[in-house]
Amino acid sequence: MSTNKIIIKNALLTTILIGVFFLLCKLFGLEENPYLRFLNLAFVLFGIYLAIKESVFRNKETKYTTNLGIGIITSVLAVFLSIIGVVVYIKFINPNFMSVMNNSFLIGGNLSLPEIIITLVIEGMASSFIGSFIIMQFYKNHDKKN
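Under the numbering used here, the first residue of the sequence shown carries the number 181, and numbering increases by one thereafter.
Below you can see the structure in the form of structure tokens.
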């Protein structure tokens, strides 16, 4: 499978998992619990893991930097798609969600939508890079085992 297909497939899966989780939280009245946002990181890590694993085992790619890049690009794409989802949700479905975001201890303050987007981009980029480095620890010596 091509690298681009691996990246897109796993980024979309990650975005869908985050979206479904958000909708379940909304359904159960938990969307205001800021601690549940930490679970988004688990979905991002899972998407990174699947992308790197597929690259290693299906494409037989053993270069550390290549697989690290696949993990980073997959998670960055998932983060941007998720942010687009948040913007659509705030703009067209529930504008009151801005107050929930502003009351979150992770954002805190009275931020505008562009400021919230910047905050989410920074959080997302940090989790993308750190998560990819973490997952690569499991695969960095994969080629040496064969």
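Here a beta-carbon is modelled for each residue, glycine too, at the ideal position from N, C-alpha and C.
When the distance is taken between beta carbons, is Ile252 closer than 8 Å to Ile315?
Residue numbering aside, residue 315 sits at position 135 when the sequence shown is read from its first letter. Residue numbering aside, residue 252 sits at position 72 when the sequence shown is read from its first letter. No, Cβ-Cβ distance for Ile315 and Ile252 is not below 8 Å.
I need the straight-line Cα distance from Thr194 to Leu219, nearest angstrom please.
The residue given as residue 194 occupies position 14 in the sequence shown. The residue given as residue 219 occupies position 39 in the sequence shown. So the alpha carbons of these two residues sit roughly 12 Å apart.
Answer with buried or exposed for Thr245, where buried requires no fewer than 16 other C-beta atoms within 10 angstroms of its C-beta.
Numbered from 1 along the sequence shown, position 65 holds the residue referred to as residue 245. Label assigned to Thr245: exposed.
For Leu197, name the three-state secondary structure that DSSP assigns.
Sequence index remark: in the sequence shown, residue 197 carries index 17 (1-based). Leu197 falls in the helix class under three-state DSSP.
When you compare only the Cα positions, how much space is there between Glu234 and Tyr215?
If you number the sequence shown from 1, residue 234 lands on position 54. If you number the sequence shown from 1, residue 215 lands on position 35. Going by the C-alpha atoms only, they are around 31 Å apart.
Can you look up Lys185 in the DSSP assignment and give me helix, strand or coil?
In the sequence shown, the residue the question calls residue 185 occupies position 5. Correct three-state label for Lys185: helix.
Could you tell me which of Lys189, Leu293, Leu257, Cys205 sits nearest to Gly268, measuring between CA atoms?
Position 88 of the sequence shown, counted from the start, is the residue given in the question as residue 268. The sequence given here places Val at residue 268; Gly does not occur at that position. Closest option to Val268, Cα to Cα, is Leu293.
Our contact map puts Ile270 next to Phe260 with C-beta atoms below 8 Å; I'd like the distance itself, whole angstroms only.
In the sequence shown, the residue the question calls residue 270 occupies position 90. In the sequence shown, the residue the question calls residue 260 occupies position 80. That belief does not hold up - the Cβ atoms of Ile270 and Phe260 are roughly 16 Å apart, past 8 Å.
Report the option in Arg238, Ile298, Cys205, Glu212 whose CA atom is closest to the CA atom of Met281.
Locating residue 281 in the sequence shown gives position 101, counting from the first residue. Minimum Cα-Cα distance from Met281 among the listed residues Arg238, Ile298, Cys205, Glu212 corresponds to Glu212.
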